[in-house]
Every structure is written in structure tokens, then in C-alpha cells.
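Following: one structure in C-alpha cells, then a few remarks.
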Amino acid sequence: MHKKILKKLLFFYLSTLCFILHTSCTTTLDQKIADLSMETDSSTDLNENDSNTDKNTDTNIIINTDSGNYIYDTEQFNYSNLEICKIEETNLILEPVAMMILQDISGSMDSPYKWGVVLPVLTDMLNTYKESNFRFGLDFFPDDKYCGVSAPIISDCKEDKTMSSEIISAISSGVIPEGATPLYEAMTTFLDDSYAPGFTSKGKNRILLIVSDGEDTCGKKQVLTEATIDDFIDVTQSLLVKGIKTLTIGFGSGFNSEQLDTISANGGTEITTHISADDKITLQNALTTVSGEVSKCEFDVPVPNDTTLDNSDQINFSYGDKIIPHHEGCVREEGWTWYGNDKDRTVRVCTTTCDDLKKTNEKIIITWGCPTIEISID
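Numbering (our numbering), first residue to last: 1194 to 1571.
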């Protein structure tokens, strides 16, 4: 009720002022009242939540309008506060990533300092991303006590999100590393679409992640010769032709960096050398690096149905109940930025926000017609 009275008083005050001074307003009285009302309503909404008044200003967002700058807490902000905005929304979804983990379980991995580290780190990763846009698969090499790679795959990539639990069960069921290291032959299995059809034949974003502590010791079985660097180039490029990119993690010591680097250099990603890891922390970091590379939060922004709203300075993004404020250049690695300088309809969600988004599998909501919300730097 007090808001209605305040609006009437404001109307009376502005009407009288314009009459006395005989001035022409640059905007209509209704617009002025709407602007002032928005400021009053917003301030009231913020003051009613005293528990939030001591929050760090880093969580605030600032919106610029003709009538002034308004700062909102990200957890309180609602577009309904912006009475002057015309809004149109649409959704974007992170493209699923099919990641096949090709894990070395040769005899050299039989150590609490190797398999005893890899096992829990893989388990943590699968749990972390089980609700995300990742679709994991798992295969071991060798699959016998020597150089075998012919047994059925451990777990193919599936749309069903319960697959993470299936893989965790598989790697926790008493796996004993033993045998030689048929790295080359293990890679060739994915040239056959029937071996892992869920991985090899679906989607644009497919990654073969090789984790190994050694070097190929089995060669090319079909011709009984040692696999050469050229052979690794050929198989990696053949996988890339099929749309499968390849990355490598060298774990511990003793791995053949030339072989792994050759695979990564020809694997089709921006990571052109192997990633080294030798303990739990560095392996976790390596997997985080891989997930960031293969699932970048970059989106092509469509044209809104109402083309009059197609304004690069009046576009906002959110997911779930969280606003993603604009932050040019991602200096703080939070928010979103235009990809490139010409606002070419591609945006990038900054690293910290992207990592959170990938774990939730939420849709991104694009909203046109309201001034772009910026990260407050106060």
C-alpha cells in the first residue's frame, strides 16, 4: 500500500515541478515514475533481506539504465524488478561430451603409488561429473596377462547417467594390473565402430583419453613388428578422421614421452603434448585440464524472434537460479564474455562459472531486452 501512495506523491511532485518551471521533460512522466518506482521497489526488496546485507560485494551484479546504476545481490536478483524491460528468452544446452578413458593396467601399474592413486581419482572424477554433460566410457589395456585387447569393452559411453556408477563398480571390483603394454593395439580397437558404438558413432564431441605409465611393448601384432612413431601418427590421425580426438596423460615415471607426445600432437585438440602426473593432486589437476579443454563453454547466440531486441548490449545469460554477469575478457574467470572483439554472436562462459555449469547440466537461458548485467568491480 505504501508503494502506491509513494507513486502518487511522486507523480504530484513531478507534475507540479514541470508546471512551475515550464520545462519539457526528456522522458515522459510515466517513464520517470517507472524508473523511480523501480529504484524504490528494488531498494525495499533488498532491505527486507537484512541477512544478506553483509555479503561480499564480489557477489553483486550491477545493471546500468538511463535512470542510474542499480546493484543487486546475485541470489536476490529477479528480472521482474526491471519493469521497463521487454523480455524474450530461449535456452541453450552444453553439447554432450563422450569421453572414453583408455586406462593402462599393465604390470607396472601394480603399485599402491600408481593404481592405488589412479583408482580413487578416477572414481572422484566420475562422481563429480555424473550429472554433467559428460558421457563416460572405460576400457583397459591389456585385457589379459600379456598383450590382449580383444575382450569386450568394460563400459561404452551411454546417455544413461547411471553409467558413472557402472564404471565405478567395474574399476573397484578387484582389478589387478598385470601383463604388457599394448598401447598401439588398444588404440586401433576404436577404429572399429562395432567395438564401442556408443562412443565411436555418436555426437560431435568425442575424446579418447589415454592414461599410461609406460610405453608400447607389444607392437603391431598383425605383422609382429614394433609400433613406430609413424604408426602412432597414423592411428591417431585415423581416429581424428572418424571424429575422435585424443589426449594423453603420462602417469608416474617410465612412460615414453615421445609416444604420448606424438599422440597428443596429432589428436586434434589444443593440448599438443602429454600431461604429466605423478600423485593424486597432479592427476586430479590433469583430469581437470582435460575436462576444461574438451568441454569449453562456448555458444553461438541465435537471433531472437523479435529482431528489434537483437542488441549486444541488452543480452543476459543465466542457469538454474543463477545470473551469469558479463565480464569482459574473463579477467576474474567468472561470468561470460564475447568471444573475439567484434561481438560475432559467439560467447564464452569464463572458467570458474563454466566448471560449475558443467557439473550441473543446466540449460543456459538467454534473455534479450534488458540492459546487460555486469560484474560489479567495486
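C-beta: ideal position from N, C-alpha, C; glycine also.
Since the model is a prediction, treat every value here as computed from it, not as a measurement.
Considering only DSSP beta bridges, list what serine 1405 is partnered with.
Bridge partners of serine 1405: Gly1443.
Below 7 Å between beta carbons: does that hold for tyrosine 1532 and valine 1540?
Yes, they are a contact pair.
What residue ranges within the segment 1449-1530 form continuous beta strand (DSSP E) runs of no fewer than 3 residues, ordered along the chain?
Runs of the beta strand (DSSP E) spanning 3 or more residues and lying entirely within the segment 1449-1530 occur at 1468-1470, 1491-1493, 1508-1512 and 1515-1517, in chain order.
Checking 7 Å against the spacing of the C-beta atoms, do glutamate 1288 and asparagine 1398 come in under that value?
Yes, they are a contact pair.
Decide if threonine 1546 is buried, meaning its Cβ has at least 16 other Cβ atoms within 10 Å, or exposed.
Here threonine 1546 is buried. Its C-beta has 16 or more other C-beta atoms within 10 Å.
Would you call glutamate 1555 buried or exposed, if buried means 16 or more other Cβ atoms sit within 10 Å of its Cβ?
That one is buried.
Mind checking which residues open and close the alpha helix (DSSP H) that includes asparagine 1320?
Counting along the chain, the alpha helix (DSSP H) containing asparagine 1320 begins and ends at 1308-1321.
Keeping to the same chain, check which residues put their C-beta closer than 6 Å to that of isoleucine 1568; ignore five residues upstream and five downstream.
Here isoleucine 1568 has Pro1518, His1520 and Gly1528 as same chain residues with Cβ atoms under 6 Å from its own Cβ, once five neighbours each way along the sequence are excluded.
Determine, using beta carbons only, whether lysine 1552 and valine 1314 come nearer to each other than 7 Å.
Taking C-beta atoms as the reference points, lysine 1552 and valine 1314 fail to come closer than 7 Å.
Same chain only: Cβ atoms within 6 Å of phenylalanine 1492, ignoring 5 sequence neighbours per side:
Closer than 6 Å at Cβ, skipping near neighbours: Leu1285 and Val1540.
With H, G and I counted as helix, E and B as strand and the rest as coil, what does DSSP make of glutamate 1359?
Note: glutamate 1359 maps to helix in three-state DSSP.
At which residues does the alpha helix (DSSP H) containing glutamate 1352 begin and terminate?
Run containing glutamate 1352: none; DSSP gives neither H nor E here.
Skipping 5 residues on each side, what residues in its chain have a beta carbon closer than 6 Å to that of glycine 1461?
Here the set comprises Leu1433 and Lys1438.
Classify lysine 1307 as buried or exposed, calling it buried when 16 or more other Cβ atoms lie within 10 Å of its own Cβ.
Under the 10 Å beta carbon count, lysine 1307 is surrounded by 16 or more other beta carbons and is classified as buried.
Are the CB atoms of proline 1375 and cysteine 1350 nearer to each other than 7 Å?
Note that the C-beta distance between proline 1375 and cysteine 1350 is not below 7 Å.
Using 10 angstroms around the beta-carbon of aspartate 1385, count the other beta-carbons present and answer buried if the total reaches 16, otherwise exposed.
Exposed, since its Cβ has fewer than 16 Cβ neighbours within 10 Å.
Do serine 1357 and leucine 1401 have their C-beta atoms closer together than 7 Å?
Taking 7 Å as the Cβ cut-off, serine 1357 and leucine 1401 do not qualify as a contacting pair.
Is the beta carbon of isoleucine 1508 closer than 7 Å to that of glutamine 1565?
Note on identity: in this sequence residue 1565 is threonine, with glutamine being the wrong assignment. Cβ atoms of threonine 1565 and isoleucine 1508: closer than 7 Å.
For aspartate 1337, collect the residues of the same chain with a Cβ closer than 8 Å to its Cβ; drop the 5 residues on either side in sequence, then sort them by chain order.
Hits under 8 Å: Ala1344 and Gly1372.
Does the distance from the CB of valine 1428 to the CB of valine 1290 come in under 7 Å?
No, the pair does not count as a contact, with Cβ atoms beyond the cut-off.
Can you list, in chain order, the residues of its chain whose CB lies under 6 Å from that of threonine 1544, leaving out five sequence neighbours each side?
Within its own chain, the residues whose Cβ lies closer than 6 Å to the Cβ of threonine 1544, once the five positions on either side in sequence are excluded, are Glu1526, listed in chain order.
N- and C-terminal bounds of the alpha helix (DSSP H) containing glycine 1562
Element bounds for glycine 1562: n/a, residue is neither H nor E.
Need the endpoints of the alpha helix (DSSP H) that threonine 1429 sits in, please.
Here the alpha helix (DSSP H) through threonine 1429 covers 1422-1434.
Coil, strand or helix - aspartate 1385 by DSSP
For aspartate 1385, the secondary structure class from DSSP, reduced to helix, strand or coil, is coil.
Per-residue burial, aspartate 1409 [other beta carbons within 10 Å of its own, 16 or more giving buried]
Under this definition aspartate 1409 is a buried residue.
According to DSSP, simplified to helix, strand and coil, what is lysine 1438?
When DSSP states are grouped into helix, strand and coil, lysine 1438 belongs to the strand group.
Which one of Phe1334, Lys1515, Phe1425 and Asp1303 has the shortest CA to CA distance from leucine 1295?
For the residues Phe1334, Lys1515, Phe1425 and Asp1303, the minimum Cα distance to leucine 1295 belongs to Phe1334.
Closest residue to serine 1301 among Phe1448, Ser1348, Leu1312 and Lys1489 (Cα-Cα distance):
Here the closest residue by C-alpha is Phe1448.
Please classify threonine 1500: is it buried, with 16 or more other beta-carbons within 10 angstroms of its beta-carbon, or exposed?
Exposed, because fewer than 16 other Cβ atoms sit within 10 Å of the Cβ of threonine 1500.
Are the Cβ atoms of serine 1299 and glycine 1443 separated by less than 7 Å?
Against a cut-off of 7 Å, the Cβ pair of glycine 1443 and serine 1299 comes out as no contact.
Work out the CA separation of proline 1390 and serine 1304 for me, nearest whole Å.
Straight-line Cα distance between these residues: approximately 33 Å.
Quick one: using the 10 Å Cβ neighbour count with 16 as the cut-off for buried, is glutamate 1423 buried or exposed?
Inspection of the sequence shows that residue 1423 is occupied by aspartate rather than by glutamate. Exposed, by the Cβ-count rule.
Which whole-angstrom value describes the C-beta separation of valine 1404 and glutamate 1378, a residue pair presumed to lie in contact below a C-beta threshold of 8 Å?
Not really, about 16 Å apart at Cβ, beyond 8 Å.
Just reading off the beta strand (DSSP E) that glycine 1330 is part of, what are its end residues?
Start and end: 1327-1334.
Near threonine 1465, what residues of its chain come up, given a Cβ to Cβ distance below 6 Å and the 5 sequence neighbours on each side ignored?
Same-chain partners within the cutoff: Ser1457 and Ala1458.
Residues bridged to methionine 1293 by DSSP?
According to DSSP, which records beta bridges pairwise, methionine 1293 is partnered with Gly1330 and Leu1401.
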